[in-house]
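Peer 1:
Numbering (full-length UniProt numbering), first residue to last: 1 to 215.
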């Protein structure tokens with residue numbers, strides 16, 4: 001990588017840390033001073049914040065040009081990218097689905113199963129990608145089909161743990177399927193009436209308002 005390209009990536013990584021930090025701190029400031037319950041949607045949101053923060057911190061390491069020369073195209077870049085772009089997004093999407101599922105369908109998912117599914121997913125994604133930081137720091141290049149025996153232990157951990165993630169995704173689908181089969185209707189909404197959709201019936205009827213109401 002030439003010097004100009006390296007300077008661009010170094011500057012871009014440092015600049016993008018500013019809106020990223022604002023996003024993380026605004027999420028935490030929303031919870032500060034409030035009384036909340038660790039329900040499945042909130043756990044998914046906190047999981048997103050945690051994973052996104054780890055990805056951002058490893059990005060600051062890559063923003064150092066002297067370190068980036070050593071770590072570029074190694075396994076260190078793989079978990080950084082996935083913590084930010086993949087795992088954080090998956091947890092945010094799952095939290096949004098869990099939060100909006102009663103509004104869409106009028107049904108409830110099993111909270112106990114959702115807690116178990118969240119735990120399995122957290123274990124799976126972190127044990128898959130976190131050991132890859134150590135592989136990158138040890139100098140193992142990414143996108144190689146073979147590697148020295150010295151890297152075997154971390155590779156084995158990283159290769160086996162995706163089973164947890166697959167089980168977590170399948171479990172999430174089965175939880176939704178179980179709620180539809182059992183037809184577990186929601187009795188009342190525990191969400192704050194802060195937006196128009198939560199004033200509706202669950203699920204909402206068509207053409208609920210002739211015009212947009214005031215909240």
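Cβ coordinates follow ideal geometry from the N, Cα and C atoms, glycine included. Predicted model, so just to flag it, every value in this text is computed and none were measured.
Tell me which same chain residues have a C-beta within less than 7 Å of the C-beta of residue 151, skipping the five on either side of it?
Peer 2: Residue numbering aside, residue 151 sits at position 151 when the chain shown is read from its first letter. Only 135, 138 and 140 meet the Cβ criterion.
Peer 1: So which of 183, 14 and 169 has the shortest CA-CA distance to residue 97?
Peer 2: As a position in the chain shown, residue 97 is number 97, starting the count at 1. For the residues 183, 14 and 169, the minimum Cα distance to residue 97 belongs to 169.
Peer 1: In this structure, how does DSSP classify residue 34 when only helix, strand and coil are distinguished?
Peer 2: For this step, residue 34 is matched to residue 34 along the chain shown. Coil.
Peer 1: Closer than 8 Å is the cut-off here; do at least three beta carbon pairs connect the region 119–133 with the region 78–87?
Peer 2: yes
Peer 1: Going by alpha carbons, who is nearest to residue 121 out of 76, 207 and 95?
Peer 2: Counted from its first residue, the chain shown places residue 121 at position 121. Comparing Cα positions, the closest option is 95.
Peer 1: Cutting at 6 Å between CB atoms, please list the residues of its own chain near residue 156, excluding the five before and the five after it.
Peer 2: In the chain shown, the residue the question calls residue 156 occupies position 156. Once the five neighbours on either side are set aside, residue 156 has no close Cβ partner at all.
Peer 1: Hey, could you find the ends of the alpha helix (DSSP H) residue 108 is sitting in?
Peer 2: What you label residue 108 is simply residue 108 of the chain shown in a count that begins at 1. Taken as a continuous stretch (DSSP letters only), residue 108 belongs to no alpha helix (DSSP H), as it is neither H nor E.
Peer 1: On the DSSP letters alone, give me the boundaries of the alpha helix (DSSP H) that residue 178 sits inside.
Peer 2: Numbered from 1 along the chain shown, position 178 holds the residue referred to as residue 178. That run of the alpha helix (DSSP H) goes 162–182.
Peer 1: With DSSP run on the structure shown, which of helix, strand or coil describes residue 158?
Peer 2: Taking the first residue of the chain shown as 1, we reach residue 158 at position 158. If DSSP states are grouped into helix, strand and coil, residue 158 belongs with the helices.
Peer 1: Considering just the uninterrupted stretch of the alpha helix (DSSP H) at residue 66, what are its terminal residues?
Peer 2: Within the chain shown, the letter at position 66 stands for residue 66. From DSSP, the alpha helix (DSSP H) with residue 66 extends over 65–71.
Peer 1: Put residue 185 into one of helix, strand or coil per three-state DSSP.
Peer 2: By one-based count along the chain shown, residue 185 stands at place 185. In this structure, residue 185 counts as strand in the three-state DSSP scheme.
Peer 1: Among 45, 202, 180 and 38, whose alpha-carbon lies nearest the alpha-carbon of residue 93?
Peer 2: Translated into positions along the chain shown, residue 93 becomes position 93. Minimum Cα distance to residue 93 is reached at 45.
Peer 1: Are the beta-carbon atoms of residue 177 and residue 78 separated by less than 8 Å?
Peer 2: For the purposes of this step, residue 177 is taken as residue 177 along the chain shown, with counting starting at 1. For the purposes of this step, residue 78 is taken as residue 78 along the chain shown, with counting starting at 1. Result no, Cβ atoms of residue 177 and residue 78 do not sit closer than 8 Å.
Peer 1: Just curious, the alpha helix (DSSP H) that residue 207 is in, first and last residue?
Peer 2: Along the chain shown, one-based indexing puts residue 207 at 207. Where residue 207 is concerned, there is no enclosing alpha helix (DSSP H), given that its DSSP letter is neither H nor E.
Peer 1: Quick test of the definition: if touching needs 3 or more C-beta pairs under 8 Å, does the region 32–44 touch the region 98–105?
Peer 2: yes
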